[in-house]
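Heads up, the thing below is written out as C-alpha cells.
Protein chains: 2
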Amino acid sequence: MSLITVDPRSRTPIYEQLVDRVKALVYAGDFKADDPLPSVRSLASELAINPNTIQRAYNALEAEGIIYSLPARGSFISGNTEGVIESRKNELFVALSRTLRQLKELGCDPEQIKTVMDLAWRETND
Amino acid sequence: MSLITVDPRSRTPIYEQLVDRVKALVYAGDFKADDPLPSVRSLASELAINPNTIQRAYNALEAEGIIYSLPARGSFISGNTEGVIESRKNELFVALSRTLRQLKELGCDPEQIKTVMDLAWRETND
DNA sequence: ACAACTGTATTAACACAAATAGTACATATG
DNA sequence: CATATGTACTATTTGTGTTAATACAGTTGT
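From first to last, the protein sequence lines stand for chains A and B.
Each number in our numbering comes from the position in the first sequence (counting from 1) with 1 added on.
Each number in our numbering comes from the position in the second sequence (counting from 1) with 1 added on.
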C-alpha cells in the first residue's frame, strides 16, 4: 500500500492533490532522495484513477524539480531534497510575513499576536 | 466609479474575486456598517459582467454574513462589521499557528523565525 | 399614478478544465 | 521474449463558471 492517497470528493483537482501529497511526504522525510515512486499504472490502479491523471501530476512534480522520471525505468524523488525543503521554508516565511502584515493592518494588538505565537510554538513540542 | 474591481484574466472565478474584494474593503474600513453596495445591474454594467455573476457573489457574501440584501431596496454591508473583522483576525491567527507548526516540522531554527518575524513586523510601520 | 429602479428566480446555451477511456510507441528488465 | 516502464495522442464525458434573455414583486422619486 502506497503512502500516496487522494480524496475523490474534494473540490481540488485530483492531480493537484497528488502533487501536494508527494510534496508533503518529501517535507516530512517519508520520501528521500532517489526513492522510487509508484509507477503511473500501478498507482492509477491502486487509487482507481485514470493513468493520465497520475502522469499529469508526475509531470507537474518534475517541472517543479521535486521528482525526475526515466522512460522505461520509473519515477524517483529528486536527488536534491535539501533544496526542495529549503524552498518550502522560504514559502512559509513569505506566508508568515504576509499574515503578520494583514494582522497589523487590522489593528491587532502586538501583545496578543506575541501571546498567540508563543502558545502555538509550544503547542506541539516533543 | 466603484471600489470593486475584477481581473477577467485571472483563473479564480469572477464571483469569488468579487467576494474577496468586498471582504478586503470591509477589512480595510473602506466599507462600513450599512453602507450600500452597487446594485446588481449597475455593477454588472460597470464591470462588463453578467448580472447573474454579481448576484452569485452577493448571495455568497450574504451567506457569510458580510452583507444583507433587501428586495427592491438594495444590498448593504452587514451591521456587524466588528464581528466580521474579529472573525478575520481569528482566521489569521489560525493561519499563523499552522505556518509556525509547519516551520517547526521542517526543523527550522527558532532564532531565524524570530528574526524574520521581527523584520516583517517593522517592515511596514507608519 | 407612474416610470424607473431594486433583489430574486428561472431556463437555456456556451466555454473551459478536469477526468476518463482507449490505444500506441520505444525502451529497460529479468 | 514476456512484462513493465514513461510517454504521447485523440476522443469523450462531466462539472463548473459564465453569459443570455426573461420575468416577477416590491420600493422609490417625481
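All C-beta atoms, glycine included, are put in the ideal place defined by N, C-alpha and C.
Take the Cβ of residue i as the centre, count every other Cβ of all protein chains shown within 10 Å, and call the residue buried at 16 or more, exposed below.
| i | result |
| --- | --- |
| SER76 of chain A | buried |
| THR116 of chain A | exposed |
| LEU90 of chain B | Contrary to the premise, residue 90 of chain B reads as Lys rather than Leu in this sequence. The residue is buried, with at least 16 neighbouring Cβ atoms inside 10 Å. |
| MET118 of chain A | buried |
| THR6 of chain B | exposed |
| VAL95 of chain A | exposed |
| LEU71 of chain A | exposed |
| LEU101 of chain B | buried |
| SER79 of chain B | buried |
Residues of chain B with CB closer than 8 Å to the CB of residue i, please, in chain order.
| i | result |
| --- | --- |
| ARG89 of chain A | LEU107 |
| VAL117 of chain A | PHE94, LEU97 and SER98 |
Name the chain A residues that come within less than 9 Å of residue i, Cβ to Cβ?
| i | result |
| --- | --- |
| ARG102 of chain B | ALA121, TRP122, GLU124 and THR125 |
Compute every distance between the C-beta of residue i and the non-hydrogen atoms of the ligand FMN, then say whether any falls below 7 Å.
| i | result |
| --- | --- |
| GLU17 of chain B | Although the ligand FMN was asked about, the structure shown includes no ligands whatsoever. |
With respect to the alpha helix (DSSP H) encompassing residue i, which residues constitute its N-terminal and C-terminal limits?
| i | result |
| --- | --- |
| LEU101 of chain B | 82-106 |
| ILE114 of chain A | 111-124 |
| LEU26 of chain A | 15-28 |
How far does the beta strand (DSSP E) with residue i in it extend, from its first residue to its last?
| i | result |
| --- | --- |
| LEU38 of chain A | Counting along the chain, LEU38 of chain A falls outside any beta strand (DSSP E), and DSSP gives it neither H nor E. |
**Request:** Determine which residues of the region 12-35 of chain B have a Cβ less than 8 Å from any Cβ of chain A, and write them out in chain order.
**Result:** Per Cβ criterion, the list reads TYR28 and ALA29.
**Asked** Can we say the region 10-27 of chain A touches the region 54-61 of chain A, given the rule of at least three CB pairs closer than 8 Å?
**Response** Counting Cβ pairs under 8 Å, three or more are found: they touch.
**Asked** Taking a cut of 8 Å between CB atoms, which residues from the region 63-89 of chain A lie near chain B?
**Response** Taken in chain order, the members of the region 63-89 of chain A whose beta-carbon sits within less than 8 Å of a beta-carbon on chain B are ILE86 and ARG89.
**Prompt:** At a cut of 8 Å, does the region 64-83 of chain B reach the region 69-88 of chain A through at least three beta carbon pairs?
**Reply:** With a cut-off of 8 Å on Cβ pairs, the region 64-83 of chain B is not in contact with the region 69-88 of chain A, counting fewer than three such pairs.
**Asked** Okay, do the region 43-50 of chain B and the region 21-32 of chain B touch, 3+ Cβ pairs below 8 Å being the bar?
**Response** These segments do not touch.
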